[in-house]
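Colleague:
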Amino acid sequence: MSNPVTNSPLQRALILITVTLVTLLYAMTVTIANVALPQMQGALAATQDQIAWVVTFNIVATAVVTPLAGWLATRYGRRRLMLWSVLGFALSSLLCGLAGSLEALVLYRVMQGAFGAPLVPVSQAIVLDTYPKHQHGAATAVFGMGVIIGPILGPTLGGYLSEAFNWRWVFFMIVPVALLAWLGVLIFIRKRDPNAAGGQQQVRLDWTGFISLAIAVATFQLILDRGQRNDWLESNEIVLYAVVAGLAFYLFIAHSLTARAPFLNPALFKDRNFVLGLIIVLVFGMLNFTPMTLLPPLLQNLRGYPDSIIGFLLGMRGLGTLFGFTLLLFVNRLDPRYLLALGFLLQAFAGWQMAQFDLNLTTFDVAWTSCLQGLGVGLVWVPVTLITFATLDPKLVGEGTAIFHLLRNIGSSIFISLSIALVLYTSSVSYSDMVQFISPFNDSFQLPSNAGGWSLDSL
């Protein structure tokens, strides 16, 4: 974004703080509304399926606009794009809080996702261009706190606000912080910076490529979000989404191979490190958010933990992540490949320990495994970013960050959907097995010596 030579250390720090705040704010909104859905459902007289659109359409809007972030930054400039995106994000958040109907809330959530989508990839491009390459590790560690810790803080803060006030404050809280971030962008990201001014590069948008990719991504997200609810391919709706996604993706690939100036620059995929980084971040996305989706229902429904304890345990994951980022500030001279391997190993070990959870688990069990998993996440984020953009042409960084975060989000959606489907399947199998043993026709219940000794609590 800025020329590292012309910016003083203080100016770089202020830019980094500003874009990290922007990223943290947006990342929180990805999960902050989830805990308030029951309140929204009651207040807006919606069914469970209807209220799910509040989350679904926000995700779809984000997925559609994210690939466009690189072109928008090139066409209008990163500074101008950030200013309009943050302002639109604040306005749409205010409208979400004021919504008087389900239809209005869904519309404003679409606006919130669309305005917020460019914030993370453009912010990361600004960080990479503001700091010289030898400082990318430390700068990425600080920036990563917003990307990774934001979704962890979201449910905790959202649960508190919805309980203390009501669901509308989940959105109202965003507005003043967003305006503060807007002022930071206005003041600290200077207009005279060559990559900030924008408006000088009349880059044509490949509409065929963009529309086909947008349709493919949107329908794929709808499949992942609504597949389990509609019994996957047993539903005509999901089959329709699958057909449309397949055709749109085929059109996008065919067009990209034949177009003179395709939507995604082919030079991106000629960089081996960039392609490897995309594969790694896809896996990273799969591992990152799934535990935050599966743990709260387990702790609340099966162990009866209150929201405050669940929020504390999720916070332990954030604490581990924060420790991982802090550790990287002191060991940034190490080979990122070793840190990457260590981070994935820690996540694998923590996941294996979580797989042993049963109804006898303690708060300590959840706390230390969550903290260890968070540490692994923190150790992975910086190396995967450094590897992905190490050899990429600086002119392609804007497009590259957009694809980078798109695949991270898609990876999360894929694995969350698969994990929930697996949990529901194994739960139904376990329920069927249990029913055959507690049937009133079981001979064991007819024995006088056992008649008073059997109960559901003993199973």
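In terms of our numbering, the sequence shown opens at residue 63 and continues consecutively.
Beta carbons are placed, not taken as given, at the ideal position from N, Cα and C, and that holds for glycine.
(1) From G460 to P217, what distance separates their C-alpha atoms?
(2) Suppose the cutoff is 6 Å on Cβ atoms and the five residues either side in sequence are ignored; what does the same chain contact list for L99 look like?
(3) With a cut-off of 8 Å, do at least 3 Cβ pairs link the segment 436-447 to the segment 312-331?
(4) Would the segment 177-188 count as touching the segment 423-430 if we require 3 or more Cβ pairs under 8 Å?
(5) Does DSSP classify D427 as helix, strand or coil?
(6) With a CB to CB cut of under 8 Å and the five nearest residues on each side skipped, what residues in its chain are close to L361?
(7) Rounded to whole angstroms, what is the Cα-Cα separation between N257 and G139?
(8) Nearest-angstrom Cα distance between F477 and L145?
(9) Quick one: what does DSSP say I251 is sitting in, helix, strand or coil?
(10) Are at least three pairs of beta-carbons, each pair with one atom in the segment 487-498 and one in the segment 293-313, less than 8 Å apart?
(11) Cα separation between N292 and F466?
(12) Can you list, in chain order, the residues of its chain with a C-beta nearer than 6 Å to that of L86? Leave out the 5 residues immediately preceding and following it.
(13) Where does L344 sit, in a helix, a strand or coil, going by DSSP?
(14) Run the CB neighbour count on I341, radius 10 Å, all protein chains shown included, and call it buried at 16 or more, exposed below.
(15) How far does the alpha helix (DSSP H) with Y222 in it extend, from its first residue to its last?
(16) Tell me the DSSP secondary structure of N327 in three-state form.
(17) For G261, count neighbouring C-beta atoms within 10 Å of its own C-beta (all shown protein chains included) and say buried if the count is 16 or more, exposed if not.
(18) Do we get a CB-CB distance below 9 Å when we pair V305 with the residues of chain C?
(19) For I251 versus T80, is the C-beta distance shorter than 9 Å?
(20) Here's a check: name, in chain order, each residue in its chain whose Cβ is nearer than 6 Å to the Cβ of G150, leaving out the five neighbours to either side.
(21) Alpha carbon to alpha carbon, how far is G308 from T281? Give it in angstroms, no decimals.
(22) Would you report the Cα separation of D455 and G462, rounded to the nearest angstrom?
(23) My understanding is that G289 touches I472, with C-beta atoms under 8 Å, so please give their C-beta distance in whole angstroms.
(24) When you compare the CB positions of N335 and T453, do they come within less than 9 Å of one another, or not?
(25) May I ask you to verify whether the segment 186-199 touches the segment 87-107, counting CB pairs closer than 8 Å and requiring at least 3?
(26) Measuring straight from C-alpha to C-alpha, what distance separates F331 and V279?
(27) Relative to the C-alpha of L408, which candidate in F419, N422, G382 has its C-alpha closest?
(28) What number of angstroms, rounded off, separates the C-alpha of E225 from the C-alpha of W231?
(29) Output the distance between the C-alpha atoms of S474 and L160, rounded to the nearest integer angstrom.
(30) In this structure, how does DSSP classify D268 when only helix, strand and coil are distinguished?
(31) When you compare only the Cα positions, how much space is there between A417 and Y170?
(32) Among A403, E296, S274, L364, which residue has its Cα nearest to the Cα of V126?
(33) Rank A152, T124, L106 by C-alpha distance to the C-alpha of N228 and give the top, closest one.
Modeller: In short:
(1) Residue numbering aside, residue 460 sits at position 398 when the sequence shown is read from its first letter. Residue numbering aside, residue 217 sits at position 155 when the sequence shown is read from its first letter. Their backbone Cα atoms lie some 30 Å apart in a straight line.
(2) For the purposes of this step, residue 99 is taken as residue 37 along the sequence shown, with counting starting at 1. Cβ neighbours of L99 beyond the five flanking positions: I113.
(3) Cβ pair count under 8 Å is below three, so no.
(4) Verdict: no, contact absent.
(5) Within the sequence shown, the letter at position 365 stands for residue 427. For D427, the three-state secondary structure derived from DSSP is helix.
(6) Along the sequence shown, read from residue 1 onward, the residue named residue 361 stands at position 299. Sequence-distant partners of L361 (beyond 5 residues in either direction) whose C-beta falls short of 8 Å from its own C-beta, in its chain, are Y367, I371, I372, L375, V428.
(7) The residue you call residue 257 lines up with position 195 of the sequence shown. The residue you call residue 139 lines up with position 77 of the sequence shown. Low local confidence applies: a pLDDT of 47 at N257 is under 50, so the model's placement there is unreliable, and no value is given.
(8) For this step, residue 477 is matched to residue 415 along the sequence shown. For this step, residue 145 is matched to residue 83 along the sequence shown. Straight-line Cα distance between these residues: approximately 33 Å.
(9) The sequence position of residue 251 within the sequence shown is 189, counting from 1. The three-state secondary structure of I251, taken from DSSP, is coil.
(10) The segment 487-498 is not in contact with the segment 293-313.
(11) For the purposes of this step, residue 292 is taken as residue 230 along the sequence shown, with counting starting at 1. For the purposes of this step, residue 466 is taken as residue 404 along the sequence shown, with counting starting at 1. In this model, N292 and F466 are separated by some 30 Å (Cα to Cα).
(12) Counting from 1 along the sequence shown, the entry for residue 86 is found at position 24. If the five residues before and after L86 are omitted, its C-beta is found closer than 6 Å to the C-beta atoms of G208, G212, all from its own chain and listed in chain order.
(13) Position 282 of the sequence shown, counted from the first residue, corresponds to residue 344. L344: helix per DSSP, three-state reduction.
(14) In the sequence shown, counting from the first residue as 1, residue 341 sits at position 279. Its Cβ having fewer than 16 others within 10 Å, I341 is exposed.
(15) Within the sequence shown, numbered from 1, the residue matching residue 222 stands at position 160. Residues 198-226.
(16) Here the question's residue 327 lines up with position 265 in the sequence shown. Correct three-state label for N327: coil.
(17) As a working mapping, residue 261 is identified with position 199 in the sequence shown. Unreliable placement is indicated for G261, whose pLDDT of 49 sits below 50; the coordinate value is still reported in the next sentence. Exposed, by the Cβ-count rule.
(18) Protein chain content of the structure displayed is limited to a single chain, and chain C is not contained in it.
(19) On the sequence shown, position 189 is the one that residue 251 refers to. On the sequence shown, position 18 is the one that residue 80 refers to. One thing to note: I251 has its Cβ within 9 Å of the Cβ of T80.
(20) Position 88 of the sequence shown, counted from the start, is the residue given in the question as residue 150. Shown here for G150: same chain residues with a beta carbon closer than 6 Å to its own, the five before and five after excluded, namely F177 in chain order.
(21) Along the sequence shown, one-based indexing puts residue 281 at 219. Along the sequence shown, one-based indexing puts residue 308 at 246. When rounded, the distance between both Cα atoms is 9 Å.
(22) Along the sequence shown, read from residue 1 onward, the residue named residue 455 stands at position 393. Along the sequence shown, read from residue 1 onward, the residue named residue 462 stands at position 400. C-alpha separation (whole angstroms): 10 Å.
(23) On the sequence shown, residue 289 is found 227 positions in, with the first residue counted as 1. On the sequence shown, residue 472 is found 410 positions in, with the first residue counted as 1. The beta carbons of G289 and I472 sit about 14 Å from each other, so the pair does not count as a contact at 8 Å.
(24) Taking the sequence shown and counting its residues from 1, one reaches residue 335 at position 273. Taking the sequence shown and counting its residues from 1, one reaches residue 453 at position 391. Contact: yes.
(25) Judged by pairs of C-beta atoms under 8 Å, the segment 186-199 does not touch the segment 87-107, as fewer than three such pairs exist.
(26) Working through the sequence shown from its first residue, we reach residue 331 at position 269. Working through the sequence shown from its first residue, we reach residue 279 at position 217. C-alpha separation (whole angstroms): 19 Å.
(27) The residue labelled residue 408 in the question sits at position 346 within the sequence shown. When the alpha-carbon of L408 is set against those of F419, N422, G382, the nearest one is in G382.
(28) The count along the sequence shown starts at 1 and reaches residue 225 at position 163. The count along the sequence shown starts at 1 and reaches residue 231 at position 169. About 10 Å.
(29) For this step, residue 474 is matched to residue 412 along the sequence shown. For this step, residue 160 is matched to residue 98 along the sequence shown. Between S474 and L160, the C-alpha separation is close to 30 Å.
(30) The residue given as residue 268 occupies position 206 in the sequence shown. Coil at D268, not helix or strand.
(31) Against the sequence shown, residue 417 aligns to sequence position 355. Against the sequence shown, residue 170 aligns to sequence position 108. Their Cα atoms are separated by approximately 39 Å.
(32) Reading the sequence shown from its first residue, position 64 is the one you call residue 126. Nearest of A403, E296, S274, L364 to V126, Cα basis: S274.
(33) Here residue 228 refers to the residue found at position 166 when the sequence shown is read from its first residue. Relative to the Cα of N228, the nearest Cα in the group A152, T124, L106 belongs to L106.
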